Amino acid sequence: MQLSKLEIKGFKSFGDRVVLHFDQGITGVVGPNGSGKSNIVDAIRWVLGEQKTRALRSDKMESVIFNGTKKRKPLQMAEVSLTFLNDKGILPTEYSEVTIARRYYRSGDSEYLLNGVVCRLKDITNLFMDSGIGSDSYAIIELRMVDDILNDRENARRTLFEEASGISKFKLRKRETLRKLEGVDQDLSRVQDVLHEIHKNMKQLERQARQAKKYFEMRDMYKSAGMALAFVTVQSRQSVQQRLEQQIQGLTTERTEVRGKVAESEEVLEGLRRKMAEVEHLLASRRKVLSQKQEAIRQRESEQKVRHERHQLLRDKAESLRRQIDQDQQQNRAVASGLKQLREALAETEATTLRHQEEMTQARAAWEAQKAQLTAQQQETNRLTTQLRQAQDAYFQLTKRLELDAQQLTTIRQELENSTRETDRHRDRLVELEADISDLAEQLAGQQETRWQLQEAENARREELQRTEQQWEQHRDALARLHRTHDALRNEYKLTRALVENLEGYPEATRFLRKEESWQQNGSATATRTPLLPEIISCPDEYRTALEHFLEPWMNYYVVQHDSQAQAAIALLDQAKRGKASFFVLDRFQGYASRPVPALADAVPALSVVQYDERYAELVHFMLDRVYFVTPGFAASDVPPGQTCVSTDGKFLLRAYSLSGGSVGAFAGTRLGQAQRLTTLQEEITQLEAEQETLEAEKATLEARRQTLRTASRQAEIQEIEQQINSRQQQLAAQRARFEQLAGLADDQALRRQELQERQVQLQDDIADLTPDVDQRKAQLATLEAQVQDQQHVLEEEQALVAERGEVFNQANLAFHQQTLRQDSLRQEIEFKEDSYEVNEQRIQDNQRTLVETEQELKNLLEARGNDDDGLKALYEEQTAVQEGVNEAEQEFFAVRGQSDALERDLRDLRRKGEANDALLQELQRKLSDTQMDLATVRERLSIEFNLSDLAKLDMPEQYVGVSEEGLKKSVQSLRDQIEKLGPINSMAMEAYEEIRERYDFIESQKRDLESARQSLVDTIREIDLVAKENFLSTYEQIRLNFQKVFRTLFTEEDTCDLTLVNPSDPLESKIEIMARPKGKRPLTINQLSGGEKTLTAISLLFAIYLIKPAPFCIFDEVDAPLDDTNIDKFNNIIREFSSDSQFIIVTHNKRTMSSVDVIYGITMVEQGVSTVIPVDLRELV
């Protein structure tokens, strides 16, 4: 298998359709930077299914579409196709030529084609699996991928080994199997959840079926007990009501007398309170004066205490000041003695410093003079050195120029000989190319005319096919809608028929009579069956729930014509012990005249919306006369007396004397008009089936037409002629390019020969002129070298003298600065001592002044203490007088308050008596209200539960005569509790139970199938791992040996390399490490190698893989860029060696690589922004 052809249109910089043909051998792709060379590699990678935009050097997939230039508009589609010759049957298909194509539109749509037929990416991936061809296989290698392989970025290294060992398909199968296993596990989880839910529902339905029968039996017993309890309750509550009314009358009289006494006592108490307030005011004023006197005494005592504490503080302060003054005077005497010694030491230091300064000045002058002499010698040395360097440069330039001219002269002579031979060969080739170009132009014109005719025919076929497919899809969608509607109606019909035939939700007696054909036909073989009330009445859906709520008490009634039919049914039920049934007898309604229906705002009369047969008109009018349907928010107070209103949602029912309602069940409104609905459903199903047959016939016709148009495609002929045209165009362009190239080469060679001859004469003259100058420069250079050597000796002697004088100066300078520092230190210490003496003197003066002030303040405090004692004694006498007045006021206040408290106690007793009477009266009134409420509750309960609103008509059932009220309550409560314990009753439970049981068994069998499938998938995964591991290890070992062999070929026989598995226990997931040691190096990691060594190492690994499983073709995109000329030759040699088994396509800038290829495709941009391909077959130029 080999790559045959690449077609590109609208992909990146290829705005026009470009075709590249590939033959056996090596194909080179060359061109300047930015011309679009790498876009060819991107196109091949893209058509093979690359999905990562980063790998295509783009930020989004839309960027691969040609975006236009200044002169061209952007294209709307990118298309690339790749053709392979499958002559060896490597690809699993019967075609000998396989073409894959990919298209991408700016709208975001894309498609893949396989031999012109639309397919999936998965189909293309599966086709090339394990063939060594793919968007991420080792068949396409870019320079950046070399680094990816060596660094194992994104597991690139392992991907190569898996592709070579052929385990990619195993890993793909394993991933698919794992996905299936995950799906099976999810299905099992869902099935188990469904089974669990169904099992719960099944148990619940079974329990509901058992509860239904028990519920109806207990409901009858509850009615009898409730009637008896109501009778006893009414009798007892009426007697209690009379007794309570008498007691309330007596308590009302007593309450009036108590309230009069309370009023008299409150008037006397008010007078005592006023007097007590006056006395309390006098007591408060006297207490205030007493408080002021006490506060003055406390303040005087506090001031006296503060003066005492101040006196003690001042005594302590005076003693502290005396001690501080003595201490400061002693310290000043010591400071004065230290100052005298420091001043004497400073005088001695200043004399020593002057002597060292004179010595330093003399040393510096001698050192400076010696440095000046050294500088003069250095300048002379630099001058001579500069002259020597200039002479050396001049001699070197002359020598180099002479050698270069001689070398150029030899090269020019060789070029002149080669140019003469090339010119003769090019002239012969130009004559042949002119004849070939003329023939190709004539063939191309004929093929283009044929292509235009075929395209016109194909466009017409496509338009008709598109119209036919649109019509076919419209019929298909219409049929799908009809099928869904038909299935829904069919299911509804089956369910409704089952409900009608089995009377789901009806009592056992009703179902029994429906199955008795003798009673149903009433002795006549042709008579229709006896209907139930819901079967003769129907209404629009929006009123169905409301109507069923109103008719709920009569929904189980049969409608018969005569009394004899009802009596016969009753006899059958009694004979079979199947319960009771109720009947409407039409004969009894004859002559019934309905009353006029008054208009009611926001309400709809029921008779205006129901449908029924005319023979049931009297019955319907009797039942629905003055019945209205109202909205859910309708106010009950707006209903006139004697009218019945039902909310349209069925949640409340308002009768003349009662109001009932509550939640609505899920099946509410489904029992009315079921028979009429069956007829309507049957008609709709028949009509839908007829429409389906018509559409099926039309669809079949369109399908046949569509298949005919598809098979009549001329695309293959168009593609074939386009291939021929492209081939001719390329051949013509190639021949013209060769002609122009050869003509230009001939002209260039003629000019080049003339230039070489002129240059040859010029070089000969230059060599003759340069030879004497070289000898002269050589003699001058020897003289200057001797002078520079003498000057170097003189300079070294001067440098030794300067160093000696500098050392003397440094010693003198160091001694001078040491004395200067000591002198500064003594001055600073003297200043510090003087400042300390002054501070101490100032502190002594301040402390003496403060001591005098403190002693004077002590004297003043002693004088003030005597005056405070006399004032405090006078305040104590005034406090005693005020205290006597306060005591007198308190005695009067407590006397008045005692009288008031006695009267308040009497008043409280009267009020408690009145409150007790009020409480007893309220209790009696509450009991009376409760009794009346009990009677109203009994009346309401009888009306709601038993449809009995007149208590006078209430009778005691015989079986409960003599039973106490408490006993009846217990019986009623027990029955009510038992009914409530039963919970909601579902009359359709048994039928639903059977249905859910069948579903449970079916899902249980599905669960077993899923468990079996899961085990099969687990076994498959285990088998895949075993086979993949064996294949991988075998291939890995062969690649390892080949890698060592190829590595030594590209480097030397002494160089070493190896491959190792990081985790040998898990080879299918283990990382693969590369060890390479070229040229005796021992790098710790592969990254320590040079760029060229890394590239050769990666190439060694790639060709080691090719030895195991050669790819049909291999593309290298500028992989040779890091290599030097020696390694380029090695690279080209190994490619040439492998080119017998595989095709090689090399994108390069290297001239050595270009010279080794068989065919070159030059990529250029004749028009700015649009890439163009120019092919050159170098084999024809040899």
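Heads up: the sequence shown at position 402 corresponds to 402 in full-length UniProt numbering, and the numbers run straight through without jumps. Note that beta-carbon positions come from the ideal geometry of N, C-alpha and C, so glycine has one too. Please read these numbers as outputs of a predicted model, since none were measured by experiment.
CA-CA distance, residue i and residue j?
i, j, result
"threonine 1085", "aspartate 1120", "22 angstroms"
"phenylalanine 634", "aspartate 220", "34 angstroms"
"glutamate 722", "leucine 1033", "48 angstroms"
"asparagine 39", "glycine 10", "11 angstroms"
"glutamate 7", "valine 41", "12 angstroms"
"glycine 523", "glycine 650", "For glycine 523, the predicted structure reports a pLDDT of 45, less than 50, and the residue's modelled location is therefore unreliable. A value from the coordinates is still provided. Distance between the alpha carbons of glycine 523 and glycine 650 is about 40 angstroms."
"alanine 525", "alanine 1013", "In this prediction, alanine 525 has a pLDDT of 42, which is less than 50 and means its spatial position is unreliable; what the coordinates show is noted afterwards. Using only the alpha carbons, I get a separation of about 58 angstroms."
"leucine 654", "glycine 661", "9 angstroms"
"proline 1110", "proline 74", "40 angstroms"
"tyrosine 1106", "threonine 27", "18 angstroms"
"glycine 642", "valine 938", "22 angstroms"
"leucine 172", "arginine 207", "52 angstroms"
"glutamate 618", "leucine 695", "48 angstroms"
"lysine 261", "glutamate 915", "14 angstroms"
"alanine 277", "leucine 244", "48 angstroms"
"leucine 409", "phenylalanine 396", "20 angstroms"
Return the residue from the list the options that minimises the CA-CA distance to residue i.
i, options, result
"threonine 680", "Arg908, Asp563, Thr496, Arg323", "Thr496"
"aspartate 563", "Trp554, Leu586, Leu924", "Leu586"
"aspartate 428", "Val839, Gln377, Phe739", "Phe739"
"aspartate 487", "Glu684, Thr420, Leu388, His621", "Glu684"
"residue 1209", "Ala366, Arg45, Arg207, Gln378", "In this structure the chain extends from 1 to 1182, so residue 1209 is not present and cannot be described."
"valine 560", "Pro531, Leu547, Glu552", "Pro531"
"lysine 12", "Lys699, Gln754, Gly36", "Gly36"
Looking at the structure shown, is residue i part of a helix, part of a strand, or coil, going by DSSP?
i, result
"histidine 21", "strand"
"serine 4", "strand"
"aspartate 1117", "strand"
"glycine 1162", "strand"
"serine 524", "With a pLDDT of 45 at serine 524, under the threshold of 50, the modelled position of this residue cannot be trusted, and the question is left open."
"serine 131", "coil"
"proline 534", "helix"
"isoleucine 90", "coil"
"alanine 139", "coil"
"methionine 956", "coil"
"serine 13", "coil"
"glutamine 643", "coil"
"glutamine 565", "helix"
"glutamate 517", "helix"
"glutamate 890", "helix"
"threonine 1148", "coil"
With residue i and residue j assumed to form a contact (beta carbons below 8 angstroms), what rounded beta-carbon distance in angstroms separates them?
i, j, result
"leucine 454", "arginine 728", "The Cβ separation is near 16 angstroms, so there is no contact."
"alanine 1028", "cysteine 1057", "Not confirmed; about 26 angstroms, so no contact."
"asparagine 1132", "serine 1171", "Their Cβ separation, rounded to whole angstroms, is 26 angstroms, which puts asparagine 1132 and serine 1171 out of contact at 8 angstroms."
"valine 1147", "phenylalanine 1103", "Not really, about 18 angstroms apart at Cβ, beyond 8 angstroms."
"tyrosine 628", "alanine 606", "7 angstroms"
"alanine 225", "leucine 975", "6 angstroms"
"aspartate 934", "arginine 259", "About 33 angstroms separates the two Cβ atoms, so there is no contact after all."
"isoleucine 536", "aspartate 625", "Not confirmed; about 17 angstroms, so no contact."
Given the structure, does residue i come close to the ligand GDP, in the sense that its CB is under 7 angstroms from one of the ligand's heavy atoms?
i, result
"alanine 656", "With respect to the ligand GDP, the structure offers nothing, as it holds no ligand at all."
### Task
Inspect the CB distances between the region 1133-1147 and the region 159-173 and report whether three or more fall short of 8 angstroms.
no
The region 881-894 in contact with the region 274-294 per 3-pair CB rule at 8 angstroms: yes
Does the region 143-153 come close enough to the region 1021-1029 to have 3 or more Cβ pairs within less than 8 angstroms? no
Cβ contact (3+ pairs, closer than 8 angstroms) linking the region 1151-1165 and the region 712-720:
no
Check: Are the region 790-800 and the region 356-365 touching by the rule of at least three beta carbon pairs closer than 8 angstroms?
Finding: no
Would you call the region 882-890 and the region 257-266 in contact, with 3 or more CB pairs under 8 angstroms? no
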